[in-house]
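A.B. asks:
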């Protein structure tokens, strides 16, 4: 067949011609159930090349077909059958062939940058009046495709079908998209190395420094290495932080507390726990460990510590009683301490106090109750493993099963072996309490709660509510993707139930549990668009990232004609009691971050809650009066749910916990973690260990390296701790400490981070257009300058860029804590002030060098986002795309609050970040903060081994990050030689700084002087490599304008 295909147009005319030619046999056996065009087209092509069908052709064709022998041979022709099948499939796949063809070649034109790849022409024959449409293509080969018909549109369609068929037969299409590139071309595009160039002057300086290091710097490894001794200032203190030899007026204190006890009127004696007071005290005398299994509202958190202290006070030895009560949250520790002090008519900090991170009111004299967070208690166990000076430890809310709680239980079991005088009480709700009894092998007391009855409704009951359908909202959105395994909220049903409650139930607030902020916004919008009549409604969203002022609004009273509707995440499941809540609407879903072994990263996704969670949510409606709960799950599905929540240690990454273990014991991680209530699998423990080995914290035997010995001083994730250590070595402490203070916590310094993402992004971009981290450090410095000048100026600045002034004050305290810890592990000198207004502080010589700051963050995290202009879309490689990947394979996206969100101009293809979570609904890893780094920064601060390959006059350098991720760079031979040698020298100097002990000798001073010279050259190189990424002068001008406006 020729390269030009001719088709006779029109189904009806083709059929008519066949009937006229007496082809009933052919029509019955071949044409039936297939496209008439295909059969006629084959008939034409089999006769003669490039000839139109005429009456003479048809007569000849009819004679051939009436020959039975030819018919049999014709019908069995394999090629004919295959052509028919292909044509039928093409028409089924491309029901609009013209549109499909144009879309395909639009992509080809973009990829080849040639708009003439596809052209077309059309003409009408003056004799036959047939339209002939022609497509001319230049990819993958030069071809022409013609279609003829009495209709122009049909001729165009036929030509398009022929072109599509040709592309399919030649395997140039996949899922209807063009395969423009071969596998070899794809590999070349993907492995294209990043070009590096360094100014000759800088290379000369680097060469000189390398030579000086080789000939004059003698780094000897001596016994003067650093040994962690972080807690030397408090090793002689008891569990409350006071000297072991502290002498108080014991007799006076005992008489005082005994007289207060006799004068005090007991409050809240109607609480269920009071019936068990004597039993608790008697069992505690006989047992070193006791489990109190108390329902919600029984009074165990406030009364049990008082029972114990009052019993000692009654016996005249109150100073022998010193109680530590751990709480999972700061707010719980503070509020409980305040409440108990109020009940006892005492000043907070006298007998009852609290200690949380950055804040404390600690009793000074023995005979005390101290409420603290689990983290604070763990730090006390680091200093005093036997908790000497403490008579009783109460572990409250043990059922919540945070990692800290599980680790704490393991340490408390060891503490009672060390200290026979120590008494331990485990207090838990009835959720899974038997586990604790088996773990501690101790007696238990069960205390009933004080809850009102709550009527429980599942989906079967909800569907039978009277007149429910009439409350169905007008906005009927698609809440579930059938092709997705993720759980989705049924918005329509939830809004329907809320409206039904509002119009059919007595007055009372509605508490609706939803997985996250997006669902809260959607339900709120649907209720606002279709409001409740005639009743007014007050919609109050509550989320952990909402401001405290916004969260407190849920407690406000409303008029009788207003229905309060609280839309909340599981933050409202425990710890918050809204007195007027009578109705609970429960999606039965929560959003959680869990470790995914297959993806080897944290994943954010929706999960069914456990049966215990549903019971807890139900109970929110029965705290102060009877209530009703509605759960968006069938009763049979509820019965299949997990009975209890998954312990946090089984569902999250373990590297932070494994590093902290080294502050308690020299045991290997698997040995210590095997002693937990529910130990994680050995494979997951090993992954955490391997992470710390890759980070340079552990050696292969799980011993702390010189870097690890410094990092263990900080109570943060290893990535943040490593950044703090490097900030001291590279002399830019202030910006890194500010960054770690902000990003190591959960609370943002900005207001309304959930709703004003574009505003937040623009405010940060004023201070740095390509780094969220550096922008935050400049913003904090600006606020600090304002605050030092005048409080009113600082508040005005906060309003201008939507900052939370109180959060900035908290960050100031946190920054100071980190700096003191850096002094404690001898990264900074004690005699320096390290204040912003100290220009002579050597530790901050390079605090204004933004690229160096970003380089330190990358060195600490070893995490990259790679941007490429090529990416796969539906399995097809496309250029001119905006493809982001982490670890070389996982798709990533930058969220709306980042300055790099939807970036169009990419001066560098690399970004670094702290945290990423794979989101099931988006099928990508979501990055909320990022900093652009230059290729030179990546080469110098990546600590993996570099492979070198010579290619003519060029050198290619390859960094194998892991089995599936490779970084490729190219430069001239001299540049490669100098950069790789300079890189080795730089990290040797860093290692020497880490191993440096307290004794300052000639060798130490020599290294310090050399390091100063090395850092000067390094900063020049980094500044030059990143000069094109942002206008540093713009940032300076912005900060100068801030100062001028004060």
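Numbering (the UniProt record's numbering), first residue to last: 1 to 1046.
Quick reminder that beta carbons are idealized off the backbone N, C-alpha and C, glycines included.
1) In the DSSP assignment, find the beta strand (DSSP E) that holds residue 583 and state where it starts and stops.
2) Could you pull out every unbroken beta strand (DSSP E) segment of at least 3 residues lying fully inside the stretch 502 to 572, listed in chain order?
3) Output needed for residue 435: all residues of its chain with C-beta closer than 7 Å, excluding positions within five of it in sequence on either side, in chain order.
4) Evaluate the contact criterion for the stretch 496 to 510 versus the stretch 558 to 569: three or more CB pairs, one atom per stretch, below 8 Å.
5) According to DSSP, is residue 179 part of a helix, a strand, or is it coil?
6) What residues match up with residue 885 in a beta bridge as DSSP calls it?
7) Have a look at residue 811 and residue 844 and give me their C-alpha separation to the nearest angstrom.
8) Is the beta carbon of residue 198 sitting closer than 8 Å to the one on residue 911?
9) Does DSSP put residue 964 in a helix, a strand or coil?
10) Should residue 652 be labelled buried (16 or more other beta-carbon atoms within 10 Å of its own) or exposed?
11) I need the straight-line Cα distance from residue 712 to residue 448, nearest angstrom please.
12) Using the C-alpha atoms, what's the distance from residue 615 back to residue 417?
13) Count the other CB atoms, across all protein chains shown, that sit within 10 Å of the CB of residue 523; report buried if there are 16 or more and exposed otherwise.
14) Taking all protein chains shown into account, do 16 or more other C-beta atoms lie within 10 angstroms of the C-beta of residue 135, making it buried, or fewer, making it exposed?
15) Cβ atoms of residue 512 and residue 425: under 8 Å apart, would you say?
16) Under 8 Å between the Cβ atoms of residue 663 and residue 382?
17) On a CA-only basis, which of 1011, 345, 680, 317 is nearest residue 729? Give me that one, please.
18) Whole beta strand (DSSP E) runs in the stretch 134 to 185 with 3 or more residues, listed along the chain?
19) My assumption, with CB atoms under 8 Å, is that residue 410 sits in contact with residue 675. Please give the rounded CB distance.
20) Which residue marks the beginning of the beta strand (DSSP E) containing residue 454, and which one marks its end?
21) Helix, strand or coil for residue 953? Go by DSSP, reduced to three states.
22) Is DSSP giving residue 916 helix, strand or coil here?
23) For residue 416, name the three-state secondary structure that DSSP assigns.
24) Please go through the same chain and pick out, in chain order, the residues whose beta-carbon is closer than 7 Å to the beta-carbon of residue 396, but skip the five residues on each side of it.
25) Please confirm whether residue 673 has its beta-carbon closer than 8 Å to some beta-carbon of chain B.
26) State yes or no: is the C-beta of residue 402 within less than 8 Å of the C-beta of residue 320?
27) Relative to the alpha-carbon of residue 98, which residue among 118, 113, 462 has its alpha-carbon at the smallest distance?
28) Given residue 468, which residues of its chain have a CB within under 6 Å of its CB, disregarding the five upstream and five downstream residues?
29) Beta strand (DSSP E) containing residue 373: first to last residue?
30) Buried or exposed: residue 751, going by 16 or more other Cβ atoms within 10 Å of its Cβ?
31) Could you give the C-beta distance for residue 341 and residue 261, rounded to a whole number, given that I count them as a contact under 8 Å?
32) DSSP on residue 574, reduced to helix/strand/coil?
33) In this structure, does DSSP put residue 632 in helix, strand or coil?
34) Would you mind stating whether residue 739 and residue 773 have Cβ atoms separated by less than 8 Å?
35) Kindly indicate which three-state DSSP category residue 770 falls into: helix, strand or coil?
36) Should residue 753 and residue 851 be called a contact, given that it needs their Cβ atoms to be closer than 8 Å?
C.D. replies: Answer, in terms of the structure:
1) Unbroken beta strand (DSSP E) run through residue 583: 581 to 586.
2) For the stretch 502 to 572, whole beta strand (DSSP E) runs of length 3 or above, ordered along the chain, are 509 to 513, 536 to 542, 562 to 568.
3) Within the same chain, 677 come within 7 Å of residue 435 by CB-CB distance, once the 5 residues on both sides are set aside.
4) In short, these stretches touch, since the Cβ pair count reaches three.
5) Three-state result, residue 179: coil.
6) According to DSSP, which records beta bridges pairwise, residue 885 is partnered with 866, 891.
7) Rounded to the nearest angstrom, the two C-alpha atoms are 19 Å apart.
8) A distance of 8 Å or more separates the beta carbons of residue 198 and residue 911.
9) It is coil, neither helix nor strand.
10) By the 16-neighbour rule on beta-carbons within 10 angstroms, residue 652 is buried.
11) Taking the straight line joining both Cα atoms gives about 43 Å.
12) Answer to the nearest angstrom: the Cα atoms are 37 Å apart.
13) Under this definition residue 523 is a buried residue.
14) Counting Cβ neighbours within 10 Å, residue 135 comes out buried, since at least 16 surround it.
15) Result no, Cβ atoms of residue 425 and residue 512 do not sit closer than 8 Å.
16) In contact: residue 663 and residue 382 (Cβ atoms closer than 8 Å).
17) Selected option, being the one with the closest Cα: 1011.
18) Runs of the beta strand (DSSP E) inside the stretch 134 to 185: 143 to 149.
19) That pair is a contact at about 5 Å.
20) In the DSSP assignment, residue 454 falls within the beta strand (DSSP E) that extends over 454 to 457.
21) Coil.
22) Strand at residue 916.
23) Here DSSP, grouped into helix, strand and coil, assigns residue 416 to helix.
24) Correct list, in chain order: 301, 325, 326, 327, 427.
25) Among the chains in the structure shown there is no chain B, since it carries only a single protein chain.
26) Annotated as distal: residue 402 and residue 320, with beta-carbon spacing of 8 Å or more.
27) Closest by alpha carbon: 118.
28) 500.
29) Counted as a single uninterrupted DSSP element, the beta strand (DSSP E) harbouring residue 373 occupies residues 368 to 373.
30) Burial of residue 751 is indicated by the presence of at least 16 other C-beta atoms within 10 angstroms of its C-beta.
31) No, residue 341 and residue 261 are not in contact; Cβ-Cβ is about 15 Å, not under 8 Å.
32) Residue 574 falls in the coil class under three-state DSSP.
33) DSSP places residue 632 in coil when its eight states are reduced to three.
34) Between residue 739 and residue 773, the C-beta gap is smaller than 8 Å, which places the two residues in contact.
35) Residue state, collapsed to three classes: coil.
36) Going by beta carbons, residue 753 and residue 851 fall outside the 8 Å limit.
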